[in-house]
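Visitor: Counted from 1, the sequence shown has number 14 at position 6 by the working numbering; the numbering is strictly sequential.
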Amino acid sequence: MVRALGIDLAWGARAATGLCALEATRGRWRVVDSRLAQCDDQIVAWVSEYAHGPCVVAIDAPLFIPNRTGSRACDLAVMRAYGTYGIGVHACNQELFASRPHSRRIRCRLEAELGFHEALSGPPTHRVYFETYPHPAIVNLLQLDERIPYKKGPVACRRKNLAKLAGLLLARLPALDPPVCDNAALHAVLAPPFEQLKGRARKNAEDVIDALVCAYIAASWHAHELGRNEKHGEPGQGMMIFPARHAAVQAGPAP
């Protein structure tokens, strides 16, 4: 049984991390879990729960930061490629992240405790992880002309745009390659009562949706690797992987 896990890693120690797990049956993926984690131990324990067989983990967080100042090469590459879609990348460097070692701790624990390796960093293995970025994945998978601004702006606009994104994903994911089953678990993530979500509840829904996108990116990597996904950067130096624009094609019948 193959699992694809998505982690929308919190930036601060007090914030929640979004988690989502997909499982493949006959070429079709289904949501089997979505939740929030509050600490490193909960994140690692959750990954361990689903990593009994082949497993791919996609993490929305800077996992390798080789540069002392400025921006990483992968961040600059993504901005060059996706700036026209309104997508930017936060600067990542050792000085800025000296007080935020969260992502490095998670990466090291996945390697040391669970035997994961970064994708493309060596011989093929059944447990891989990589850094990803939901925004370019979303514009590619949904064939959008610009980023949906669901993270910034007035609260009412963010809530409206989050509901818009969720609706588009709910309609699109079952038709992609690989497809995601349109089941109750998918609706639980993408069709909550958005108009009733306020404050922390809205942010929690956003984090889990981002985690679902990360999990789908992991599933796409398992299915196609570089055939339908693109990478920016190099292993060990800062590298992002997400579906390419041409990856948004309709799925055929499940094998």
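Ideal Cβ placement from N, Cα and C applies to all residues, glycine included.
Would the beta-carbon of C82 fall within 7 Å of that of G244?
Guide: no
Visitor: Based on the DSSP output, what are the partners of T25 in its beta bridges?
Guide: A45
Visitor: For N237, report the span of its alpha helix (DSSP H) as first-last.
Guide: Careful: N237 lies outside any alpha helix (DSSP H), inside the beta strand (DSSP E) at 237 to 241.
Visitor: Count the other C-beta atoms from every protein chain shown that fall within 10 angstroms of the C-beta of P263, then say buried if there are 16 or more, exposed otherwise.
Guide: Note on P263: pLDDT 31, under 50, position unreliable in the model; the coordinate value appears next. Result: exposed.
Visitor: The alpha helix (DSSP H) that contains Y137, what's its start and end?
Guide: It is not in any alpha helix (DSSP H) - Y137 instead sits in the beta strand (DSSP E) that spans 135 to 139.
Visitor: Roughly how many angstroms lie between the CA atoms of Q102 and H60, to the nearest whole one?
Guide: 34 Å
Visitor: Report yes if the CB atom of Y90 is closer than 7 Å to the CB atom of P144, and no otherwise.
Guide: Cβ atoms of Y90 and P144: closer than 7 Å.
Visitor: So for W19, helix, strand or coil by DSSP?
Guide: DSSP places W19 in the coil class of the three-state scheme, outside both helix and strand.
Visitor: Quick check on M247: does DSSP put it in helix, strand or coil?
Guide: strand
Visitor: Along the chain, where does the alpha helix (DSSP H) containing I225 start, and where does it finish?
Guide: 208 to 232
Visitor: I'd like to confirm the pairing. Which residues does DSSP put opposite W37 in its beta bridges?
Guide: A32, V188
Visitor: According to DSSP, what are the bridge partners of I51?
Guide: Looking at the DSSP assignment, I51 forms no beta bridge with any residue, so it has no partner.
Visitor: Are E154 and Y93 closer than 7 Å when you measure CB to CB?
Guide: yes
Visitor: Would you call the stretch 110 to 126 and the stretch 154 to 172 in contact, with 3 or more CB pairs under 8 Å?
Guide: With the cut-off at 8 Å, the stretch 110 to 126 and the stretch 154 to 172 do not touch.
Visitor: From which residue to which residue does the beta strand (DSSP E) around V97 run?
Guide: V97 -> no beta strand (DSSP E), and no H or E assigned at all.
Visitor: Near R253, which residues of its chain fall below 6 Å by C-beta distance, leaving aside the five closest residues on each side in sequence?
Guide: N148
Visitor: What do you get for W19, buried or exposed, if any count of 16 or more other CB atoms within 10 angstroms of its CB means buried?
Guide: exposed
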